[in-house]
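These protein sequence lines are chains G and V, in that order. Start counting the first sequence at 0; every next residue gets the next number (numbering that gives the first Met the number 0). Start counting the second sequence at 0; every next residue gets the next number (numbering that gives the first Met the number 0). No residue lacks a Cβ here, since even glycine has one placed at the ideal position from N, Cα and C. Bear in mind that the values here come from a model prediction, so they are computed numbers and not experimental data. Accompanying notes for the structure given below.
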Amino acid sequence: MDNTTQRQVYGEMLVELGKENKNIVALEADLGKSTMSCLFGDAYPERYFQMGIAEQNMMSTAAGLSLTGKIPFVNSFAVFVSGRAYDQFRQTISIAKLNVKVCGSSSGLSDFGDGSTHQSIEDIAIMRAIPNVTVLAPVDAVETAKMVKAMVETSGPMYLRLNRNVLPVLTDPVTPYQIGKMYTIREGGDVVVFSHGVMVSRSLDAAKALEEKGISVKVVNVSTLKPLDREAIIAHTKGMKAVVVAEEHSVIGGLCSAVAEALRSELVPIEFVGIQDTFGTSAHSYEELLEKYNLTALNVQAAIEKLVAGK
Amino acid sequence: MTEKQTLGKLISTAKQVRRNIVELVGVGRAGHVGGSCSAADVITALYFSKAKFDPKNPKMADRDRILLSKGHAALCQYAALGELGIIDKSEFAKVKSLGAMLQGHPDMTKCPGIEANTGSLGQGLSIALGMALGLRLDGLSSKVYCITGDGELAEGQIWEAAMAAASYKADNLVAIVDRNRVQATSTVKDVLDSGDIADKFKAFGWETVEIDGHDMAAILEAFNQADTIKGKPFAIIADTVKGKGISFAEGKAAYHNGTLTQELYDQALAELQ
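Here it is as structure tokens:
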């Protein structure tokens, strides 16, 4: 899975799971070739509902489908499913804990060319604020596959945040996956970095670089953002000099906020590496954007060094 | 299964449903009396005659679904569910109180017989479409009946659903527009003129009929007509009177979510005998 995307694996998993589980259906708002829900549509056209460019109707239609026992996967870009169809997801699906799975594709800055209207910097904040909703953000394609399977096996409203681009594979197919658990990617004793998505690999690069400087950094992949395992966050923090949270999302309302909330009773310095309350913009490459918004390994490294130096 | 009531019985049941609505509104606390009473005949026709529905088994898989997109008219549905024995009428007095089964807007997690949480307007028709598609996928012949308001048609999502339902040829979906012509603050015409509703649904690919929404025979006829339509969703534009049956409330926006004094409460019940 080294050269594949989360969205490709997501589409393939839906097809695989849909073979056995006839209750799985998918809805799309004309972005199927990007979200890769098109794979499900090719395999099971009768269970694929192309709803046109009408995300609000798509979300409420998914609610209705779930009320007849189906497991609907709702597909569009993260910015549209969390924004355009927010009220529909809140009112009917989340309040009644309907079994609707919302896939926010091309999340964060990963749709680099399309600019601020198509990039999502606040989707986690929105979804995390809604009661009853599970919020998931896989670190790589391998974890995506496990996650999609777990989503089908677990009832309730869920939001899955997927990246558009090829990301490094950091997990293995064998390790069991569980919604709600966080996974240590690298052990360390001085500083712990909590992260999700693309920023986990950046944090790992930072940890490797800092090893040479004598700073031991633990990296934790928090792929379940809600419910957040507060006890695990505290446990990972015990004995550490500092905590860094790194995410491709606004520093308001995402994992940065969630970790700060979890550590509100702990006396430990925390720094955030995230998008500083600003919208995205167009760029020719994803890397360019990550650099512009200070979301690189060097940024994570600088945050760690600053905390360790006590500055 | 609900025993299908005769026309005469349905007319008297509708009166009882309206009395239940008044009881639910109670004295001295606000309640959506206007839009509940306007929809009372349609709701009665569905629950007590037309719909495939078993009060002893309200979750029966092949039941017809009855859904209020105009969730604020929940009192009308509670009134019918109470009459059917699905909910105990002792719940009426506790409506909207802390921890009540009967919430201000329909809540399926608290109240049996409620098919979906609605209240944010304009969403019910889409939910109904999803149900219709799901039921069709399962090979069930069940129908989905969705009641919308006319003020509610200002919500764009209604027309997204209208377009999608026609595109999917959802002939197991029936929309009933409770056209009482009055919304929360004024008449629909004054607030935002919705124009010719039947023409709009037709233009979106629906079969439509316009009826007197208080004429029980006409309501049943329209529902039977819906059964004959193939390949298209069906919209019944039901002309109704807001607050129907309660003289002082009829046609008045003030009773969209109005409060009854003891005197008006007694008068309302007396008029509905």
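Q.
Give me the DSSP bridge partner(s) of Phe-48 (chain G).
A. For this step, residue 48 (chain G) is matched to residue 49 along the first sequence. Phe-48 (chain G) pairs with G:Leu-26.
Q. Which value, in whole angstroms, describes the spacing of the CA atoms of Ile-146 (chain V) and Ile-175 (chain V)?
A. Position 147 of the second sequence holds residue 146 (chain V). Position 176 of the second sequence holds residue 175 (chain V). Each residue's Cα considered, the two are about 5 Å apart.
Q. Tell me which same chain residues have a C-beta within less than 7 Å of the C-beta of Lys-109 (chain V), skipping the five on either side of it?
A. Within the second sequence, numbered from 1, the residue matching residue 109 (chain V) stands at position 110. Excluding positions up to five away in sequence, the list reads Met-100, Gln-102.
Q: Tell me where the beta strand (DSSP E) around Asp-177 (chain V) begins and ends.
A: The count along the second sequence starts at 1 and reaches residue 177 (chain V) at position 178. It spans 172-178 - the beta strand (DSSP E) in which Asp-177 (chain V) sits, taken as one unbroken run.
(Q) Buried or exposed, going by whether 16 or more other CB atoms sit within 10 Å of the CB of Lys-58 (chain V)? (A) Residue 58 (chain V) sits at position 59 when you count from the first residue of the second sequence. Per the 10 Å Cβ criterion, exposed.
Q: Run down chain G in chain order and give the residues with a C-beta less than 7 Å from the C-beta of Glu-114 (chain V).
A: Numbered from its first residue, the second sequence carries residue 114 (chain V) at position 115. What Glu-114 (chain V) touches in chain G: Leu-66.
Q: Spatial neighbours of Thr-280 (chain G) within its chain, please: CB distance less than 7 Å, with the 5 preceding and 5 following residues excluded, ordered by chain position.
A: Within the first sequence, residue 280 (chain G) is the residue found at index 281, counting from 1. Gly-114, Ser-115, listed in sequence order.
Q. Ends of the beta strand (DSSP E) at Phe-271 (chain G)?
A. In the first sequence, residue 271 (chain G) corresponds to position 272, counting from 1. Where Phe-271 (chain G) is concerned, the enclosing beta strand (DSSP E) stretches over 269-274.
(Q) Quick check on DSSP: helix, strand or coil for Ala-308 (chain G)? (A) Counting from one through the first sequence, the residue named residue 308 (chain G) turns up at place 309. Three-state DSSP puts Ala-308 (chain G) in coil, outside helix and strand.
Q: Enumerate in chain order the residues of its own chain whose CB-to-CB distance from Ser-48 (chain V) is below 7 Å, with the five nearest sequence positions on each side excluded.
A: Translated into the one-based positions of the second sequence, residue 48 (chain V) becomes position 49. Correct list, in chain order: Lys-3, Gln-4, Leu-9, Leu-219.
Q: Tell me whether the beta-carbon of Val-190 (chain V) lies closer than 8 Å to the beta-carbon of Lys-241 (chain V).
A: By one-based count along the second sequence, residue 190 (chain V) stands at place 191. By one-based count along the second sequence, residue 241 (chain V) stands at place 242. Cβ distance not < 8 Å, so Val-190 (chain V) and Lys-241 (chain V) don't count as in contact.
Q: Compare the Cα-Cα distances from Ala-245 (chain G) to each of G:Ala-257, G:Gly-238, G:Leu-38 and report the closest residue.
A: Within the first sequence, numbered from 1, the residue matching residue 245 (chain G) stands at position 246. Comparing Cα positions, the closest option is G:Ala-257.
Q.
So, under 8 Å CB-CB, Gln-261 (chain V) and Val-26 (chain V) are touching, yes? Tell me the CB distance rounded to an integer number of Å.
A. By one-based count along the second sequence, residue 261 (chain V) stands at place 262. By one-based count along the second sequence, residue 26 (chain V) stands at place 27. About 5 Å; that satisfies the 8 Å criterion.
Q: Taking Lys-159 (chain V) as part of the beta strand (DSSP E), name the residues at either end of that continuous run.
A: In the second sequence, counting from the first residue as 1, residue 159 (chain V) sits at position 160. Looking at the sequence shown, residue 159 (chain V) is not Lys but Glu. Premise fails: Glu-159 (chain V) lies in the alpha helix (DSSP H), 155-166, not in any beta strand (DSSP E).
**Q.** C-alpha gap between Glu-19 (chain G) and Ser-185 (chain V), whole angstroms
**A.** As a working mapping, residue 19 (chain G) is identified with position 20 in the first sequence. As a working mapping, residue 185 (chain V) is identified with position 186 in the second sequence. Going by the C-alpha atoms only, they are around 54 Å apart.
Q: Look at the alpha carbon of Thr-133 (chain G) and the alpha carbon of Leu-224 (chain G), and state the distance between them as a whole number of angstroms.
A: As a first step, residue 133 (chain G) must be located in the first sequence, where it is residue number 134. As a first step, residue 224 (chain G) must be located in the first sequence, where it is residue number 225. The alpha-carbon atoms of Thr-133 (chain G) and Leu-224 (chain G) are separated by roughly 8 Å.
Q | Selection from V:Ile-245, V:Thr-207, V:Ala-248, V:Ala-253 that minimises the alpha carbon distance to Ile-235 (chain V) | A | Here residue 235 (chain V) refers to the residue found at position 236 when the second sequence is read from its first residue. Looking at the Cα atoms, V:Thr-207 is the closest of the given residues.
**Q.** Same chain only: Cβ atoms within 7 Å of Thr-43 (chain V), ignoring 5 sequence neighbours per side
**A.** Position 44 of the second sequence, counted from the start, is the residue given in the question as residue 43 (chain V). Excluding sequence neighbours, Thr-43 (chain V) sits near Leu-9, Thr-12, Ala-13, Val-16, Ala-79.
Q: With DSSP as the reference, label Asn-110 (chain V) as helix, strand or coil.
A: Here residue 110 (chain V) corresponds to residue number 111 of the second sequence, with the count starting at 1. Checking the displayed sequence, the identity of residue 110 (chain V) turns out to be Cys instead of Asn. Cys-110 (chain V): coil per DSSP, three-state reduction.
Q) Since Lys-69 (chain G) meets chain V, which of its residues come closer than 8 Å, beta carbon to beta carbon? A) The sequence position of residue 69 (chain G) within the first sequence is 70, counting from 1. Gly-133, Leu-136, listed in chain order.
Q: Could you pull out every unbroken alpha helix (DSSP H) segment of at least 4 residues lying fully inside the region 60-84 of chain V, listed in chain order?
A: 73-83
Q: With DSSP collapsed to three states, give me the class of His-283 (chain G).
A: In the first sequence, residue 283 (chain G) corresponds to position 284, counting from 1. Of the three classes helix, strand and coil, the one that applies to His-283 (chain G) here is coil, per DSSP.
Q: State the start and end residues of the unbroken beta strand (DSSP E) segment that holds Ala-136 (chain G).
A: Locating residue 136 (chain G) in the first sequence gives position 137, counting from the first residue. Careful: Ala-136 (chain G) lies outside any beta strand (DSSP E) and carries neither H nor E.
Q. Does any C-beta atom of chain V lie closer than 8 Å to the C-beta of Glu-186 (chain G)?
A. Working through the first sequence from its first residue, we reach residue 186 (chain G) at position 187. Answer no: the Cβ-Cβ gap between Glu-186 (chain G) and chain V never drops below 8 Å.
Q) Ordered along the chain, which non-local residues of its own chain (more than five positions away) have a Cβ less than 6 Å from that of Ile-92 (chain G)? A) Counted from its first residue, the first sequence places residue 92 (chain G) at position 93. Result list for Ile-92 (chain G): Ala-62, Val-99, Pro-156, in chain order.
Q) So, Gln-76 (chain V) versus Gln-122 (chain V), is the Cβ gap smaller than 8 Å? A) Taking the first residue of the second sequence as 1, we reach residue 76 (chain V) at position 77. Taking the first residue of the second sequence as 1, we reach residue 122 (chain V) at position 123. Cβ atoms of Gln-76 (chain V) and Gln-122 (chain V): not closer than 8 Å.
Q. Between the beta-carbon of Leu-16 (chain G) and the beta-carbon of Lys-148 (chain G), is there less than 8 Å?
A. Position 17 of the first sequence, counted from the first residue, corresponds to residue 16 (chain G). Position 149 of the first sequence, counted from the first residue, corresponds to residue 148 (chain G). One thing to note: Leu-16 (chain G) has its Cβ within 8 Å of the Cβ of Lys-148 (chain G).
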